Each structure stands twice: as structure tokens, then as C-alpha cells.
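Residue numbers (the working numbering): 195 to 622. From the three backbone atoms N, C-alpha and C, an ideal C-beta is built for every residue, glycine too. Being a predicted model, the structure only gives us computed values, none of them experimental.
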Ligand code: PLP
């Protein structure tokens, strides 16, 4: 496969854009380097790059593109917004329509507020939890990504009872020490940390299905325990459903799991591909937000007509019967095919899948927490990734990211993918 133009454009990008990319995860640094493929256009489950190569897309833009690229129903909504005004700075009826749709799909949302990204949504949930409880400390699970604001760019201390340390230059230690990080799926570590910090915690951030070190489901009873303890100790459960909302069914992951969070942050899928974030929760907590309450959150672009109409159109597509069952069916075919192929070539992998999202880890261990994901073989993943890209299969250049199916993938795409995977395994 020829990537000459991609390589030239990457060289040019390096002169003008930091690292040549507008988000670090798009660089190929984690897969042994090289020029990232520069895409020219997308349609349905496919991408075409600037050299004219076609790819089956499993990146789905890190989750949002659940209905594939250029979906006609969403394209029409965006075109309508472009013609009738993309930004008003006033209330619009679209905001109410969309808020009602979200509430209908996710019954734990008494009220919602729109903003522009998952980061903003989670960041505001943290502020609201602090305002509501009058406490400052936040707990999170190791390896879960919640955006790029200071409080969540924090690594674990050396044990469950120790305070966090900055994970990025520019994050003050004073901020990091407000954050406690514990391993996912580990009841003992969670209990130990709560024993020390429980009375000072404003909230705990929870990715109910982890999508940031592959795909990891909570062990039976784990999140139920976390919720029960949070209630007892008076801190809020903040579900970060930026990846999970409308990814696995028409609604949030917590509904599937039978959980009732105090606050829910959303983004990605609900924007139909346009920038969006949203958060919501129970009335008493949400009424802490300005102009009703003392917790401030605002945004020039928040609830803009373009994102609202794209989001409404996206949910209209997703509401059609059978949509999620088909992604599950294709996901199962990929899972079976990839496992069979790995066995045939003597390649050791662990595959975690939930419906149309899955992760392939190069390890013989199960992956239930970040440490286990970290211990998987990144060097082999890097070679696997490049072997797939060179055969027209596009996925995220990181061993920590998931593969996402869309409503537009077909069985023929799965077959083509499995052939490419089989070849890649034969060459590892
Ligand atoms: N929360 C989770 C679970 C995410 O995966 C992400 C992004 O990948 C975010 C929050 C941040 O969202 P955004 O990139 O829209 O700011």
C-alpha cells in the first residue's frame, strides 16, 4: 500500500501543528512511530486516505461514529443547521427536544445540561459534586480516562491509601493530592481507600464499562458495592458514560447494569459526530448548577443548534429496532474469527468484547484492570496494528483503545477483516 502523500503531509504537519496531530492519541508514537495515515473522506464503514487507499474503519473516531461516516439522516440534519444557523446564543427548541430524548432513554436524568466535550461534561460533574457535598476529594479508577482537565490527569499514589501524583506537566501537586486513584475491580483496595478518605470524598468517577484500557466490564457485584458504599459515606457516584452512552444499547450503560448514579457525563455518540458533551442527574444535585444554584458552568457553543440537530438525528437512527443486535452479531463473528485465527497461528491473545466493542490484548492473562492491560505486549500490538493498516483495516494506534463497530459494517467487512487479521497473525 502506497502512503507517499500521507508521509509528505505528515512532514508538513510537523512544521505547523504540534507533533503533527491535534490529539496525541492520533500519533503513531505508541506503535513504533511513523507517519499516521491522513484520511481524505469517509462514507459508511469506510475511509479513503489521501493516497486513494480504502480502509474498513474500526476507530469510529474513538467512539462517536456509531452510525458510520456521512450517514444520510445525520448529514441532512447538519445541512439543515448550516442553512438555518449553527449558533444562536439563545435558547432553541432543539435543546428541549434533545434533552427530552436523553431523559426518555436514560431515566436517571431528571435534568440535563449540554456543553461541548466529554472533558467539559466530566469536569462540571466534579465541580457539581463538590458544590453539592461541600467536600473536595475525588476518587477514580486507575487507567480510566476522563478527559484532559487537571483533576483527572492524575496517577495513582503508591497504594490505595496514598494521594495521587500529577500525570502531566502543568498539573499542580496541590490538585493531584485532591484525587485518590484505586484499581478497577478491586473491592479491597476500594474499601481501604474509603476507610481513609471516605468522609472527605465529594464523588467517585466511574466508567461503568471501561473503554480506556480496552474493553473491561465490572466484575459481578463490584459497582453495586461501590454505589452502596458511596451512599453510606455521602459521596456522589459520577458515571462517565462519554464512551458508553448509546454505544451498547439505546441508553446508558448504567441502565443495563441496574445502577442509579447521582450524575452522568456523556459525549461522543450523542453528538452524531459533531462536538458535544452533556451531563445530568437527579434534580437536587443538578439544581446546584447556575443560574439555579452556586456551581458555575457556561459555554458560548453549549447546546448549539448544529450539535443538537446532529445528536437528535443520530438518536433517531439508533432507536430503530435491531441496530444494536446487529452490531453484537458482527462483533461475535469478529471475536470467534480472531480467536480461531490466533489459535491457528499460535499467537496468544485475550479478547474482551461487549456487543459491538472489543479489544485484542497480546497476553495469556485475563484483563480486568489497568495493571493487567499495561502488562500486555505493546510491541507485538504495534506490529499487528501496522500489518492491519497496510491491508486496509483502520484501528486506533494504541494497545489501550477499543475496536468499534458501526451500524454500517457488514458481514462482508467482517470477512475481509478476518482475512487481514489472519495474515497479520501469520506474520507476527
Ligand atoms: N471520558 C471518557 C470515558 C473518554 O473516553 C473521553 C475521551 O476519550 C473523555 C471523557 C473526554 O472526552 P472528550 O475527548 O470529548 O473531551
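Using a 10 angstroms sphere on the CB of residue 566, the tally of other CB atoms reaches 16 or more, which defines it as buried. One thing to note: residue 602 has its Cβ no nearer than 8 Å to the Cβ of residue 198.
Under DSSP, the beta-bridge partners assigned to residue 472 are 308 and 460.
Along the length of the stretch 559-595, whole beta strand (DSSP E) runs at least 3 residues long do not occur. In this structure, residue 375 places its C-beta atom within 8 Å of the C-beta atom of residue 350. With fewer than three CB-CB distances shorter than 8 Å, the stretch 416-433 does not count as touching the stretch 343-357. Counting C-beta pairs with one atom in each stretch, the stretch 428-438 and the stretch 482-496 have fewer than three that are closer than 8 Å, which means they do not touch.
Leaving aside the five residues that flank residue 288 on each side, the residues in its chain whose CB is nearer than 7 Å to its CB run, in chain order, 499, 502, 503 and 506. Secondary-structure assignment with DSSP links residue 400 through a beta bridge to 433.
With contact defined as three or more Cβ pairs closer than 8 Å, the stretch 548-566 and the stretch 222-236 are not in contact. Ranking 586, 621 and 515 by CA distance to the CA of residue 607 puts 586 first. Around the C-beta of residue 442, 16 or more other C-beta atoms lie within 10 Å, and the residue is accordingly described as buried.
Relative to the ligand PLP, the nearest heavy atom lies less than 7 Å away from the CB of residue 256. When the beta-carbon positions are compared, residue 372 and residue 332 come within less than 8 Å of each other. With fewer than 16 other beta carbons inside 10 angstroms of its own, residue 273 counts as exposed.
Shown here, residue 222 sits in coil according to DSSP, grouped into three states, outside any helix or strand.
Exclusion of residue 278 from the 7 Å shell around the ligand PLP follows from its C-beta lying no nearer than that to any non-hydrogen atom of the ligand.
No residue range can be given for residue 495, since it is assigned to no alpha helix (DSSP H) and is classified by DSSP as neither H nor E. Not a single heavy atom of the ligand PLP lies less than 7 Å from the C-beta of residue 403.
Nearest C-alpha to residue 238 among 410, 600 and 620: 600. Per DSSP, residue 251 is one residue of the beta strand (DSSP E) stretching across 248-251.
Per DSSP, residue 523 is one residue of the alpha helix (DSSP H) stretching across 517-538. According to the DSSP assignment, residue 243 belongs to the beta strand (DSSP E) that extends over 240-243. The beta carbon of residue 472 sits closer than 8 Å to those of 296, 306, 307, 308, 309, 315, 459, 460, 461 and 464, all from its chain and outside the five residues before and after it, given in chain order.
Take residue 245, set aside five residues on each side of it, and the residues of its chain with a beta-carbon closer than 7 Å to its own are 196, 197, 198, 199 and 200, in chain order. Relative to residue 279, the option among 302, 326, 495 and 405 whose CA is nearest is 495.
Look at residue 583: its beta carbon is at least 7 Å from all of the heavy atoms in the ligand PLP.
Here the alpha carbons of residue 581 and residue 219 stand approximately 19 Å from one another. For residue 421, the number of other beta carbons within 10 angstroms of its own is at least 16, and it is reported as buried.
For residue 419, the three-state secondary structure derived from DSSP is helix. Residue pairing of residue 375 in beta bridges, as defined by DSSP: 334. In the assembly as shown, residue 212 is an exposed residue. Its beta-carbon has fewer than 16 other beta-carbons within 10 Å. Going by DSSP, residue 554 is part of the beta strand (DSSP E) stretching over 551-555. Residue 546 is bridged by DSSP to 553. Beta bridge pairing from DSSP links residue 263 with 238.
Residue 403 and residue 204 have their C-alpha atoms roughly 34 Å apart.
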